[in-house]
Amino acid sequence: MSDAIRLEGKRIWVAGHRGMVGSAVVRRLATEGCSILTAERSMLDLTRQAAVEAWMSTNRPDVVVLAAAKVGGILANDTWSAEFIHENLVIQANVIHASHTSGVGKLLFLGSSCVYPKFAAQPISEDSLLSGPLEPTNEWYAIAKIAGIRMCQAYRRQYGANFISAMPTNLYGPGDNFDLASSHVLPALLMKAHQAKRSGASHMGLWGTGTPRREFLHVDDLADALVFLLQHYDAAEPINVGVGVDLPIAELARLIMRVVGFEGTLTLDLTKPDGTPRKLLDVSRLTRLGWSARTPLEDGIQTTYQWMLANTVRT
10 MSDAIRLEGK RIWVAGHRGM VGSAVVRRLA TEGCSILTAE RSMLDLTRQA
60 AVEAWMSTNR PDVVVLAAAK VGGILANDTW SAEFIHENLV IQANVIHASH
110 TSGVGKLLFL GSSCVYPKFA AQPISEDSLL SGPLEPTNEW YAIAKIAGIR
160 MCQAYRRQYG ANFISAMPTN LYGPGDNFDL ASSHVLPALL MKAHQAKRSG
210 ASHMGLWGTG TPRREFLHVD DLADALVFLL QHYDAAEPIN VGVGVDLPIA
260 ELARLIMRVV GFEGTLTLDL TKPDGTPRKL LDVSRLTRLG WSARTPLEDG
310 IQTTYQWMLA NTVRT
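Each residue of the sequence shown is one higher than the last, beginning at 10 in my numbering.
The structure is reproduced here in structure tokens:
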């Protein structure tokens, strides 16, 4: 923990600015009086070390928010395990190392709650990292993210770099991925409910037993938390970002059905995996610093559904 720093006048590179998290961070930083740097994928391939180093040398950001990553739900992680571990390892290694060599003053690395053991004590504290086996369906992504956390810690230890790591819980909001083959559970359920309503179906399917519990954080709340951490946090330990409240997936599905206006029944596909039984983050460290989430889940789902209708659904 350190004294607050000002972002006004700083040059801040948001790596991954087209993604859900990155675009939310750009929106939030627009109120801080800083210069926001972005790089289109067509102009900068983050998997190419020389290209990243050249871009950093030319643009000289003061602060880096590393939100670029290959992400997806259970199906995507389980299907494309090689791509998930390779791309994420390479992207974060290139950006973190180039941030050091180009003299970046502060870097914030985005991890994930999936870095924690499958059967970690609930709620999950930051101290649970590396204390047990991971969830097999997304261990490739998790291992890459753990390496990113450790890399930030190594550069702090050896060079005194102000590199920090934030572990967000399950996210949703504008800019999410609603493709059923690769999306996370909340946007997938939104699209399923919408399609069921539009087709006049009598039921909507849900993977697994519906009993696993998850918490969900609106991406604009995450962006606000990340700006807060840039200003107020300087420590080697990763810090959790969540809401501190969870619910069963079946309850989430019924809430989404109500928001969408689908009046059919919910059916369970017991041939599909559940994933981790429960994943609730202990957010007490962040709360003690003075930040907490503000968006109620139903309100956030409603605005996300409206965004989905306006931006991704063909009528």
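Beta carbons: idealized from backbone N, C-alpha and C, even for Gly.
These figures come from a predicted structure and were not determined experimentally.
key: Pairwise C-alpha distance: Leu239 and Gly18   = If you number the sequence shown from 1, residue 18 lands on position 9. If you number the sequence shown from 1, residue 239 lands on position 230. Distance between the alpha carbons of Gly18 and Leu239: 14 Å.
ask   = Below 8 Å, can you find three or more Cβ-Cβ pairs linking the region 91-101 to the region 139-159?
value = Contact holds: three or more Cβ-Cβ distances are below 8 Å.
query = Roughly how many angstroms separate the alpha carbons of Trp22 and Leu295, rounded to a whole number?
reply = Taking the first residue of the sequence shown as 1, we reach residue 22 at position 13. Taking the first residue of the sequence shown as 1, we reach residue 295 at position 286. Going from the Cα of Trp22 to the Cα of Leu295 covers about 24 Å.
ask   = To the nearest whole angstrom, what separates the beta carbons of Leu289 and Asp255, a pair I think is in contact under 8 Å?
value = Counted from its first residue, the sequence shown places residue 289 at position 280. Counted from its first residue, the sequence shown places residue 255 at position 246. Rounded, the Cβ-Cβ distance is 4 Å, consistent with contact.
message = In whole angstroms, give me the CA-to-CA distance for Thr280 and Gly114.
response = Numbered from 1 along the sequence shown, position 271 holds the residue referred to as residue 280. Numbered from 1 along the sequence shown, position 105 holds the residue referred to as residue 114. Counting only the Cα atoms, Gly114 lies some 49 Å from Thr280.
ask   = Can you give the Cα-Cα distance for Leu117 and Ala210, rounded to whole angstroms?
value = Walking along the sequence shown from the start, residue 117 turns up at place 108. Walking along the sequence shown from the start, residue 210 turns up at place 201. If I take the Cα positions, the gap works out to 45 Å.
ask   = Do Ala33 and Asp229 have their C-beta atoms within less than 8 Å of each other?
value = By 1-based counting over the sequence shown, the position of residue 33 is 24. By 1-based counting over the sequence shown, the position of residue 229 is 220. Yes, these two residues count as a Cβ contact at 8 Å.
request  = Take the Cβ of Tyr125 as the centre, count every other Cβ of all protein chains shown within 10 Å, and call the residue buried at 16 or more, exposed below.
outcome  = Translated into positions along the sequence shown, residue 125 becomes position 116. Its Cβ being crowded by 16 or more others within 10 Å, Tyr125 is buried.
key: Span separating the alpha-carbon of Leu277 from that of Arg222   = Numbered from 1 along the sequence shown, position 268 holds the residue referred to as residue 277. Numbered from 1 along the sequence shown, position 213 holds the residue referred to as residue 222. It is roughly 15 Å from the alpha-carbon of Leu277 to the alpha-carbon of Arg222.
inquiry  = Would Leu199 and Met317 be called neighbours here (beta carbons separated by less than 8 Å)?
reply    = Stepping through the sequence shown from its first residue, residue 199 is reached at position 190. Stepping through the sequence shown from its first residue, residue 317 is reached at position 308. Result yes, Cβ atoms of Leu199 and Met317 sit closer than 8 Å.
task = Can you give me the start and stop residues for the beta strand (DSSP E) that Pro196 sits inside?
result = As a first step, residue 196 is located in the sequence shown; it is residue number 187 there, counting from the start. Unbroken run through Pro196 is the alpha helix (DSSP H), 194-208; no beta strand (DSSP E).
ask   = So Ser191 and Ala259 are in contact, right, with Cβ under 8 Å, and what is the actual spacing, rounded?
value = Walking along the sequence shown from the start, residue 191 turns up at place 182. Walking along the sequence shown from the start, residue 259 turns up at place 250. Not confirmed; about 22 Å, so no contact.
task = Would you kindly check if the distance between the Cβ of Val194 and the Cβ of Gly251 is under 8 Å?
result = Position 242 of the sequence shown, counting from 1, holds the residue named residue 251. Position 185 of the sequence shown, counting from 1, holds the residue named residue 194. Taking a C-beta distance under 8 Å as the contact criterion, Gly251 and Val194 do not qualify as a contact pair.
Limits of the beta strand (DSSP E) - the one that Ala175 falls within = Position 166 of the sequence shown, counting from 1, holds the residue named residue 175. Looking at the DSSP string, the run of the beta strand (DSSP E) that includes Ala175 is 172-177.
inquiry  = Check this for me: beta carbons of Ala48 and Trp64, under 8 Å apart or not?
reply    = Reading the sequence shown from its first residue, position 39 is the one you call residue 48. Reading the sequence shown from its first residue, position 55 is the one you call residue 64. The Cβ atoms of Ala48 and Trp64 lie closer than 8 Å to each other.
request  = Take the Cβ of Met10 as the centre, count every other Cβ of all protein chains shown within 10 Å, and call the residue buried at 16 or more, exposed below.
outcome  = Here the question's residue 10 lines up with position 1 in the sequence shown. Confidence in Met10 is poor, its pLDDT being 48 and thus under 50, which makes the residue's placement unreliable; the coordinate value appears in the next sentence. Burial call: exposed.
ask   = Can Leu235 and Val74 be called in contact, C-beta distance under 8 Å?
value = As a position in the sequence shown, residue 235 is number 226, starting the count at 1. As a position in the sequence shown, residue 74 is number 65, starting the count at 1. Leu235 places its beta carbon less than 8 Å from that of Val74.
query = Under a three-way DSSP split, which group does His106 fall into?
reply = Looking up residue 106 in the sequence shown gives position 97. If DSSP states are grouped into helix, strand and coil, His106 belongs with the helices.
ask   = What are the uninterrupted segments assigned as alpha helix (DSSP H) that are 4 or more residues long and contained completely in the region 21-91, given in chain order?
value = Taking 4 residues as the minimum length, the alpha helix (DSSP H) runs contained wholly in the region 21-91 are 29-38, 58-68, 83-88, in order along the chain.
request  = Return the first residue and the last residue of the beta strand (DSSP E) that Val250 is part of.
outcome  = Within the sequence shown, residue 250 is the residue found at index 241, counting from 1. Annotation for Val250: the continuous beta strand (DSSP E) segment containing it runs 248-250.
key: Leu55 and Ala24 closer than 8 Å at C-beta   = Within the sequence shown, residue 55 is the residue found at index 46, counting from 1. Within the sequence shown, residue 24 is the residue found at index 15, counting from 1. Yes, these two residues count as a Cβ contact at 8 Å.
message = Which of the three DSSP states is assigned to Ile133 in this structure?
response = Taking the sequence shown and counting its residues from 1, the one referred to as residue 133 is at position 124. Ile133: strand per DSSP, three-state reduction.
message = Threshold first: 3 residues or longer. Then list the beta strand (DSSP E) segments lying entirely within the region 223-283, N to C.
response = You should have 225-227, 248-250, 274-278.
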